[in-house]
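> In our numbering, the protein residues as written are 556 to 599.
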């Protein structure tokens, strides 16, 4: 059995792209925090 966490943001498509008019700084910051934690725990 695998554990799975799904994080959904109330943001538009492309929210992490700083050149996109719908860029969401708070959602991007939170998403990167989770991605980096995932990589740190699993990628060597």
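Just so it is clear, CB atoms sit at the ideal spot from N, CA and C, and this is done for glycine as well.
(1) Check residue 589 in the structure and name its three-state DSSP category.
(2) If you drop the 5 nearest sequence neighbours on each side, which residues of the same chain put their C-beta closer than 8 angstroms to that of residue 562?
(3) With H, G and I counted as helix, E and B as strand and the rest as coil, what does DSSP make of residue 580?
(4) On the three-state DSSP scale, how would you describe residue 595?
A quick look at the data gives this:
(1) If you number the chain shown from 1, residue 589 lands on position 34. Residue 589: helix per DSSP, three-state reduction.
(2) Here residue 562 is taken as the residue at index 7 of the chain shown, counted from 1. 585, 586 and 589, listed in sequence order.
(3) As a first step, residue 580 is located in the chain shown; it is residue number 25 there, counting from the start. It is helical.
(4) In the chain shown, residue 595 corresponds to position 40, counting from 1. DSSP places residue 595 in helix when its eight states are reduced to three.
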